[in-house]
Amino acid sequence: MSEIVVADSSYGGSSSSNASRPITRSRTVGYVPEPFDSEKLPQFLISEVRPLLRVANQLEKENPRVAHLCRIQAFVKAHTKDPNSSARGVRQFKTALLQRLEQDEQATFPVWKETSNARELESVYHMYKEYILKHEGEENREELLDARATAAVLSEVLRAITSGTGPLVEVLADGDDNEEKSKFDVPYNILPLDRGGSHQAIMQFPEIKAAVAALRNIRGLPLEGNQTGTSFDLLDWLQCLFKFQKGNVDNQREHLILLLANIHVRQTNKGVSMSKLGERAVDELVEKLFENYTSWCKFLGRKSNIRLPSVKQEVQQYKILYMGLYLLIWGEASNVRFMPECLCYIFHHMAYELHGVLCGHVTPTGEKVKPAYGEESESFLKNVITPIYRVIYEEAQKNKNGVADHSKWRNYDDLNEYFWSLECFQLGWPMRLDCDFFYVQSPNDTQVKNSCSSFMAAVKKRKKEEKKDEEMMANIEENRRQKWLGKTNFVEIRSFWHLFRSFDRMWTFFILALQVMIIMAWHGMESLWQFFDATVLEDILSIFITSAVLKLVQAILEIVFTWKARHTMDFFQRLRHLLKLLVAVAWTIILPVCYAASQINSTCNGKRYADWIGEWCISSYMVAVALYLVTNAVGMVLFFVPAITRYMETSNRRVCTILSWWAQPRLYVGRGMQENLLPLLTYTSFWVLLLLTKIMFSYHFEIKPLVEPTKQIMSISVSKYEWHELFPKVKSNAGAIIAVWSPVILVYFMDTQIWYSIFCTIVGGAFGVLRHLGEIRTLGMLRSRFQLLPSAFSVRLVPPSSKNVQKRRLKNFFWPKFHKVSENEKNGFAKFALVWNKIISSLRSEDLISNRETDLMTIPLSSDLSSGLVRWPVFLLATEFSTALSMARDFVGEDENLFKKIKKNSYMYCAVKECYELLKNILDFLLVGDLEKRVVSKIQSEVQTSICRSSLLLDFKMSELPTLHASFIELVGLLFENKACHKDKVVKVLQDIFEVVTKDMMIHGSSVLELLSKVEKDEKSFFKKVEPELFVSSPGSPAIRFPFPDDKPMKEQTKRLFLMLTVKETALEIPMNLEAKRRISFFATSLFMDMPMAPKVRNMLSFSVMTPHYMEEVKFSMDELFSSQEAVSIMFYMQKIYPDEWTNFQEREGCLGCELDELIKIKPEELRNWASFRGQTLSRTVRGMMYYREALKLQAFLDMAKDEDMKFTHVISCQMFGAQKSSGDPHAQDILDLMIRYPSLRVAYVEEKEEIGNKHQKIYSSILVKAVNNLDQEIYRVKLPGPPNIGEGKPENQNHAIIFTRGDAVQTIDMNQDNSMEEALKIRNVLQEFLRNHGLRSPTILGLREHIFTGSVASLAWFMSYQETSFVTIGQRVLANPLRVRFHYGHPDLFDRVFHLTRGGISKASKTINLTEDVFAGFNSTLRRGYVTYHEYIQIGKGRDVGLNQISKFEAKITNGNSEQSLSRDIYRLGCRFDFFRMLSCYFTTVGFYFNSLLSIIGIYVFLYGQLYLILSGLERAFLLEARMQNIDSLETALASQSFIQLGLLTGLPMVMEIGLERGFFTAFKDFILMQLQLASVFFTFSFGTRSHYYGRTILHGGAKYRPTGRKVVVSHASFTENYRLYSRSHFVKGFELLLLLIVYNLFRRSYMSGVTYVLITYFIWFMVATWLFAPFLFNPSGFNWGKIMEDWKDWNNWIKNEGNIGVQQDKSWESWWEDEQNHLRHSGMNARIHEILLSLRFFLYQYGLVYHLDISHDNKNFPVYLLSWLVIAAVFLLVKGPGRGEFGVGPNFCHILHKVTAFKTQTRVFALAAQTFYLHVMAINVGRQRLGSSIPFLFRFLKAVLFLGVLAVIITLCLVCQLSVMDLVVCCLAFIPTGWGLLLIAQAVRPLIEDSGLWNLVLVLAQSYDYGMGAALFAPVAILAWLPIISAFQTRFLFNEAYNRRLQIHPILPGKKKKM
């Protein structure tokens, strides 16, 4: 207790009688205190200590003694809470605070001597209390809350000090009761619902008042004594009843009020009173909120427990109670929110209890009904949520971070689907924790596997040993009887069969179509009429046998894949699977039997019939087929009547249930998803046309060309093979036929993806044209249509008046006609001008335009000019005035013709008219002398008279206009500068103008001269005779007002006139910045697109933006900006890439021309912001999203309202914010700075706090904070049942924060996104899409267009940008309409918030299976009868990865996610529940795209291995030489061309179409050609390999995981080691394998195949090989720089040699990387390992075929030759392994084997002796290394030289004796290298069996040797190219071509050196 001595002594001061004095006198002289860090605190102490420390820092300067006392109280509270300092960080905190207290005590002791502590505190406390009372009810809400918080802290400290000191305590205690104290500190989010906030503006809105009044209506409720007060409401009553958390209640109170208020205000247009909450508003929310609950009750056949009273006055109160109850359950449910039907179950029982309490029901014992969980504080969390959470948590732990099999643990879906059956009611209420649902022990664990007897024996043994009592034994028996429920309804099994199971109808169609085409081609059909030939028809009808077999396969798969979920399936589901199997077996037997019988008994061939119907010859088989097709016929009929199908699936009628039960298992989701007839016919037409095209192409170009060659192959008899044929008796050359047909069949199955791409391009392009995309693509187009923008703006973005709503809707039904602005639309144009200027201002604030460009693009709002004049931006009027002057100067004719010519160009007419008006206005302001005014007035009168008389050309000499123009430019320039020293110049210019006008231009200038009092007739002395001189001021009589006074309107007019007179042709290209051009063009285009009418801000739907954030960059620090460890600094990079924006930034900050070092000193924060806003940072995202608030504020101003506060919120889910604050992470301060900069920004984070007690326990809470007085203030705190992150991180992060969002919609925004002011203006229109009529269903997700802003400089970024753009535009356009299968593909979609909060949230979070969590939200929404749309009139910016390694990691992550999707229940249910054509759309736009990528690669492998088989076996040689079958060549050429089509069309067509739509087709064609020149095909082919590798491996072995990409902004060089690690297994290994195949193919085809044919067949494969092997180096900046290459080689050698130990990262050691690379095999199942072994067997084909082609074999085709080759391999392996490590005994055994081989003929004996000699040589080297390597190195080197010569001699001997050729050595390498690799793969697959044996060391050595060899083979050509200097320059050019085109300084960036600015 010695730690608190100081604290005790500080409280011991006596009272003083001195009067209290102002706190400003208490400052200690000579003591300058520093604030004690109040933010970096242990999580355990934050809530208790932080308020005290903050107040201490706040009062430090004014009253250090009071601050000292506050810190003492903080120390006392910390020590009281944790006296032993056992919590993390508490000891350090107490030590630091104690040291500070000792310093403060010495410094503030004189103050303590003058007055007592209590008096000092009392003085400060009363000062704050008086301030609060004085300013109560005023608008300064934040200051008042801060004062209350400070007063509350001071009150607490004062109570602690004065405890036990007499009357003072009593007075203070009496005057400061609990209610008054609680009023002091009431933080709020949006609505200040405390008593002090009732005067705030937002609380005066009638809709808010109505909602608050409805919530506070507690009449008739059974209240207790303490449940009273003016602020006590329905949610408070529910809290008392069910013991919810206070923070949850406060949060949901505001949530419910805002929901009701926003719905209520939208009802006002329907005649609803605003003073009272309308019934329709409540009913609308009730319907949406309980739609899922009522559907759940209906599905389970239970009656809803939402029971309303018969008294009408109480109905609304009951509805609000039920809504409040559901929201309170949802708000406190934590991870259980992912289980919507579980929430329905909880609500169902609690609503029943609520009804019982409201109705006063009594129990059988006579007591009133009380809730089951309502006795203790926070009972709901502890007793309801926590048990369910524990099940979720413990099941998730069995996932083992994603490596465990999915079938071994229950994910969120499994647990939620338990509540889809009536069995869930076995849980009871209160819930029985001994129910099987809560049992998490897996049945595969050891304890459960034991038999009952062994289990009881173990229990008895424990009882004897530990002497357990009988009660413990009973508990064990009870636990034993519990069973693990296992998976529910579905099991995610790793198998490719999932794709067949999910999309069986598609595969059946393609297989049957293939069979039909083969039959047609086999019969040689030339026309469709031959189809009805009896023989052909019989053969074609055999497809139904195939169909029956496929259905049998499907039935078997259903049983196999659901076997582990059988325990949770009801009897009828199991019965359905069994009956499906039996029926499938029956048809599989019946149809073949009938077909065989009809073939045997057929008499059709012998009869002739009069008509073609008779030719059909109806047989028993046809009758069976007709019966077989009955169900299909019924399905066909129902397909065209979707309303009936929809009713049958959703109805509970017994007949409908039975019929739908047979078609699909009865599940809660996936019912009634059918579309209306019109969209159904639309997407059906799309797919019918596509499939017809695909089948016709496949028939004519794939199937038919193969039939004749196949017949010839079958007819040729091959007796001589070039190897040992294992199956010589196989007839018809079956192996050759398989080799020829297999690749074509694979192409047949995957080329539908190509046709989809083609049709998507066509349809997407057509829809894009119809939607007016790209109508304004250039600045020229913008200028030509700018006059229509105000009209389009008024129609699209200005809310119509109540009278014009119906007219506007009628116009929108057709197509609105936009017109040019007229003088009668001044008000509408003023609104447009205000908004336009705001957009230009935002562009300037983002430094996209300069000050001059801002002036040229701004529309003046001054009303000083004559009414009706439209004042366009100057950039539209560029050169128009000078052109008009030139036209007038040279014009010959009448005035009317000149005026018509000028008026023909409206911009020219406006420019002339405005310049004239501006000049008049400026001269009127400038001239103050009477004479000067009269002179100018006379000139103006003459001009006006000439215009009226149409005699201007006659009265004035237009040839002098250029001179007058130049004089006016000079005058306006002087006025614009407005310097007093220029007054004489102004006078002189005015005099020159007067002279030019009167002397040179006016024909009748004498009338003006007569106004002068003294005029001499001599013109030469005109001005000398004027006394005083014209325009010259005299004392007391000024002639001109110059310099201008501070008159802003006049300055603006002068500037505008100066710009109009001086602007040149360059203004036609304004803005110069490419991004500014794009944004303005798209905004202008969007105004002409179809969008809903904009409502007033008051009536719009409210929404929230939610941004998840983990550890990503918030804002670049100064260290990060200027650090250049591996590359150039970020700041240097930004300056070079954005040079114009950097100049604009300097201009905006007033530092134009300043050096960077100077800016660092004077503008550090501005520099950080400027750079951060150009990276993928959180600050950029927040700035963009906050444009919504600015837009709503502006629109509310135009609506003359102020409602934006309740329409928009932005919540950042900064999961680590609390931990960052506690650790002092600068990211926390950056986030706080964002909240300070944007006051409406909110941050939600998870607090992890230790609780000290008998056992340390961590408490987790979700907390919402905002910024108040530059500090974060806690608003809500909701305790969690445990750590929230138990699944995928991002969805869990979103889930904990979603309770703090508000509104009808929520927009999910990632932290690499951006927004703009002009796009934010359209958010009202987008939200109206939720209310727009879209047909059968209202939208539940609104898909929005994205713009990729990272494709600016590097070629890779450009490729990725175009690829992503084509997907997020034309791709999603077609997905949404006509295909109706758009899902949620990430951000920035808008969700119907109420819909999704009742259906599991906006994403799914199960570990691994929901890796791509976003798309599952779309799946879930569609399965629950939602509707997803897509809208292109608004776009959100998005950043993408810009380097090849980053892009590959992103592709790997997405591909991993799609692999997991292939196994998921969502894809299975969509594939089964969609109709056939919608199912096709779903397949080819989700997992089908990735599977077809894999099929394409497999097709290439199958083709090459088939050719390898044909060549090595000698079949192809025999076919070509004996039968001259050239058709095979054409077949192979066709196959190769198909691969080319896939490469070009699949990646290029949609991209070209979209670029053509938006930028013009010439630009699209040019960009496409340029992309090919920059090796875009190489990039896309490389990405193709990434997708195929990760998709196949993940499905087989798992291993899907999130892969952070880093989102770097600097273009940096990746080392060779890093590239090898990333691409070794995905690309390099496969590339080398294909290279070996091509080499072998080339070596052995030359004798009978021409080179041209070979090139036609294999050119694409060669291209792919080169791409996979060398693309990482081609796209690596400085990849061919010689200095970098040398560094990479050293790094590679160090990496490959370093040993991997525990803790060694994979980037440091090859062994660590290799272990991590094989990690997926460690957790693979037996099936996956067998599959891996079978795939590895392909590498043995090389050896088997090639050893028979060796010259040394002398054409011996016997099998022992092959066996001998294995002995050679064994010898090599033993040599590699060596005789070390105590294994010298291996050598003699091997030598003994070789000795036995000498029994063969001479060549074989020589070969065996040579192998034995070679082995002895190597053994000698190993022994020499051990004995001589370290002691006598010279002798060891000599020994190696001798042995080398010996090996050379052995090789020469083999060449002479056995005729071993050089070609044989090459062929041996080609044979044995693949074999070794195959053995290595098999060893890795069977690692558990051999890891503990000595063989594993051999595997490691072999693997390292292969990796080193592959690395050297890759490095050699790269090094050779790097030696050539031109290669590096060429690489830089194609990598950064865009930078060169924009003349950016890219060269200083590449070397990686920081250039001094």
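Numbering (our numbering), first residue to last: 1 to 1957. From the three backbone atoms N, C-alpha and C, an ideal C-beta is built for every residue, glycine too.
> Is DSSP giving residue 1303 helix, strand or coil here?
Replying inline: Coil at residue 1303, not helix or strand.
>> Among the candidates 488, 626 and 563, whose CA atom is the shortest distance from the CA of residue 541?
In response: Nearest C-alpha to residue 541: 626.
> Is residue 340 buried or exposed, if buried means 16 or more other CB atoms sit within 10 Å of its CB?
Replying inline: Under this definition residue 340 is a buried residue.
> Are residue 1738 and residue 1885 close, meaning C-beta to C-beta below 8 Å?
Replying inline: No; because the gap between Cβ atoms is not below 8 Å, this pair is not in contact.
> Where does residue 184 land, buried or exposed, given buried means 16+ other C-beta within 10 angstroms?
Replying inline: Unreliable placement is indicated for residue 184, whose pLDDT of 46 sits below 50; no coordinate value is reported for it.
> Smallest Cα separation from residue 483: which of 489, 514, 525 and 439?
Replying inline: It is 439.
>> For a test of the three-state rule: what should DSSP assign to residue 1138, helix, strand or coil?
In response: DSSP places residue 1138 in coil when its eight states are reduced to three.
> Is residue 1739 near the ligand SAH, in the sense that its beta carbon is under 7 Å from a heavy atom of that ligand?
Replying inline: The ligand SAH is not part of the structure shown, which contains no ligands of any sort.
> Looking at C-alpha atoms only, which residue of 1208, 1437 and 1927 is the closest neighbour of residue 262?
Replying inline: The shortest C-alpha separation from residue 262 is found at 1208.
> In this structure, does DSSP put residue 280 in helix, strand or coil?
Replying inline: Residue 280: helix per DSSP, three-state reduction.
> Do three or more CB pairs link the region 490-499 to the region 1593-1603 at distances below 8 Å?
Replying inline: A contact exists between the region 490-499 and the region 1593-1603.
> Skipping 5 residues on each side, what residues in its chain have a beta carbon closer than 8 Å to that of residue 303?
Replying inline: Answer for residue 303: 297, listed in chain order.
> What first and last residue would you give for the alpha helix (DSSP H) that runs through residue 853?
Replying inline: Where residue 853 is concerned, the enclosing alpha helix (DSSP H) starts and stops at 851-857.
>> With a threshold of 7 Å on Cβ separation, who are the neighbours of residue 187 within its own chain once the five nearest residues in sequence on each side are excluded?
In response: Within the same chain, Cβ atoms closer than 7 Å to the Cβ of residue 187 are found at 145, 1273, 1274 and 1275, the five residues on either side in sequence being excluded.
>> Here's the rule I'm using: 16 or more other beta-carbon atoms within 10 Å means buried, otherwise exposed. How should residue 1257 be labelled?
In response: Exposed is the call here.
> Within 10 angstroms of its Cβ, does residue 555 collect 16 or more other Cβ (buried), or is it exposed?
Replying inline: It counts as buried.
>> Please classify residue 359 as buried or exposed, where buried requires at least 16 other C-beta atoms within 10 Å of its C-beta.
In response: Flag for residue 359 reads exposed.
> Can you tell me whether residue 134 is buried or exposed, with buried defined as 16 or more other CB within 10 angstroms of its CB?
Replying inline: The residue is exposed, with fewer than 16 neighbouring Cβ atoms inside 10 Å.
>> Measuring only the C-alpha atoms, how far is residue 831 from residue 793?
In response: A direct Cα-Cα distance of roughly 9 Å separates residue 831 from residue 793.
> Under three-state DSSP, which class holds residue 671?
Replying inline: Residue 671 falls in the coil class under three-state DSSP.
> Could you give the uninterrupted runs of the alpha helix (DSSP H) lying entirely in the region 494-565, keeping only those of 4 residues or more?
Replying inline: Every alpha helix (DSSP H) stretch that sits fully inside the region 494-565 and reaches 4 residues is listed by chain position as 497-502, 504-522, 534-540 and 543-561.
>> Excluding the 5 residues flanking residue 131 on each side, which residues of the same chain have their C-beta closer than 6 Å to its C-beta?
In response: So the list reads 147, once near-sequence residues are dropped.
> Quick one, are the C-beta atoms of residue 718 and residue 733 less than 8 Å apart?
Replying inline: Contact flag set, yes.
> From this set, 416, 1233 and 737, which residue's C-alpha is nearest residue 706's C-alpha?
Replying inline: With distances taken between Cα atoms, residue 706 lies closest to 737.
>> Quick check on this structure: which residue in 1413, 675 and 1004 has the alpha carbon closest to the alpha carbon of residue 1336?
In response: Selected option, being the one with the closest Cα: 675.
> Which runs of the alpha helix (DSSP H), 4 residues or longer, sit entirely within the region 230-262?
Replying inline: List check, alpha helix (DSSP H) in window: 234-242.
> Which whole-angstrom value describes the C-beta separation of residue 320 and residue 215, a residue pair presumed to lie in contact below a C-beta threshold of 8 Å?
Replying inline: That pair is a contact at about 6 Å.
>> Taking the alpha carbon of residue 1008 as the reference point, which residue from 931, 884, 962 and 1081 has its own alpha carbon closest?
In response: Across the set 931, 884, 962 and 1081, the C-alpha of 931 shows the shortest separation from the C-alpha of residue 1008.
> If we count the other Cβ atoms within 10 Å of its Cβ and call it buried at 16 or more, is residue 896 buried or exposed?
Replying inline: That one is exposed.
> Can you give the Cα-Cα distance for residue 180 and residue 53, rounded to whole angstroms?
Replying inline: With a pLDDT of only 45 at residue 180, under the threshold of 50, the placement of this residue in the model should not be trusted; the figure read from the coordinates follows. Near 23 Å, if we compare the C-alpha coordinates of residue 53 and residue 180.
>> In the DSSP output, which residue or residues are listed as bridge partners for residue 1277?
In response: DSSP output for residue 1277 lists 1263 as bridge partner(s).
> Taking DSSP as the reference, what is the three-state secondary structure of residue 207?
Replying inline: Three-state result, residue 207: helix.
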